[in-house]
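Counting from 360, one number per residue, gives the positions in the sequence shown under the working numbering.
To start, the structure under review is shown below, and the notes come after it.
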Amino acid sequence: QVQFVESGGGLVQPGGSPRPPCAASGSISSIYVMGWYRQAPGKQRELVASIANGGRTNYADSVKGRFTISRDNAKNTVYLQMNSLRPDDTAVYYCNTALGVRVYWGQGTQVTVSS
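Here it is in structure tokens:
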């Protein structure tokens, strides 16, 4: 079992570059894939980015070239570097992984992009 705590959200101006962390309650070194998802008002939750233990990454088309996911297994933390934020990036951002048949989510961090 693992628990995630996301932080680092808030009100960000267009073009801003926050880097919210997702801190895990235990070691993530044995967790193969970690992901960041987001859910905007009135929309379904969608995958933003994922990272495997070997460093392979995957991104949604809407964030390619702007967002970078990384993981620090020594700190049990996954990061999402967001650059060139736009108003349509406004959403609650969630950390995620699946262990066996169980899927784990954090409580999310709200990112609002507005001037």
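We treat Cβ as the ideally placed atom computed from N, Cα and C, and that holds for glycine.
Local conformation of residue i per DSSP, three classes
i           : result
residue 431 : strand
residue 446 : helix
residue 400 : coil
residue 466 : coil
residue 390 : coil
residue 412 : coil
residue 457 : strand
Selected residue, minimal CA-CA separation from residue i, among the options
i           : options               : result
residue 378 : 390, 465 and 438      : 438
residue 430 : 467, 420, 383 and 375 : 383
residue 469 : 450, 460 and 462      : 450
residue 420 : 407, 386 and 441      : 407
residue 498 : 396, 402 and 447      : Because the chain is modelled from 360 through 474, residue 498 falls outside the range shown and cannot be assessed.
residue 368 : 452, 465, 398 and 474 : 452
residue 402 : 472, 435, 447 and 466 : 447
residue 380 : 399, 465, 373 and 374 : 465
Residue environment, residue i, which counts as buried when at least 16 other CB atoms sit within 10 Å
i           : result
residue 460 : exposed
7 Å Cβ shell around residue i - same chain, five flanking residues per side excluded
i           : result
residue 391 : 411 and 412
Own chain residues within Cβ distance below 8 Å of residue i, not counting five before or after
i           : result
residue 463 : 360, 361, 362, 363, 455, 456 and 457
Contacting residues, own chain, Cβ-Cβ under 6 Å from residue i (five flanking each side not counted)
i           : result
residue 409 : 392, 394 and 417
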